[in-house]
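Below you'll find the structure, written out as structure tokens, and then a few comments.
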Amino acid sequence: ALTLLACHLRFLRLPTPEEFRERLFADLRSHVLLLHLAGLLILALLQCYLSRRRQAAAGAVQAVQRSTSREGLVATPVVRSASTATAATASTSELRRRTVEEVELD
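Counting from 1 along the sequence shown, just add 25 to a position and that's the residue number in the working numbering.
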């Protein structure tokens with residue numbers, strides 16, 4: 026019973042909502058806290074935006090690779106070791122060259 030009375034007394038001594046807002050906005054720490062929260066929100070939104078763009082770009086690259094393999098152009102092989110890295114670079118440059126030639130012909 027004494028615990029409930031102590032809690033009730035603390036509740037009665039709380040400032041009114043208007044006083045609480047005035048004190049909160051007068052304190053510099055609350056402004057810094059709000060700025061940090063806004064910064065975190067902006068960074069989270071930016072991360073979502075950039076990850077969606079990255080996924081869309083990866084999907085576009087895969088679509089181009091699928092369409093070039095259907096058209097009979099040289100597809101880029103998967104690089105499994107350092108020895109095949111030069112072959113991948115050569116076929117990639119060949120693919121770009123052939124694609125540029127086709128665009129210029131159209």
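Just so you know, even glycine gets a beta-carbon here, dropped at the ideal spot from N, CA and C.
For clarity, every value in this text was computed on a predicted model and none was experimentally measured.
Hey, L62 and S55: beta-carbon distance below 7 Å or not?
-> no
Taking 7 Å as the CB-CB cut-off, is H56 touching chain E?
-> No chain E appears in the structure shown, which is made up of a single protein chain.
CA-to-CA distance, L58 to D52, given in whole angstroms = 10 Å
Same chain only: Cβ atoms within 8 Å of L68, ignoring 5 sequence neighbours per side = none
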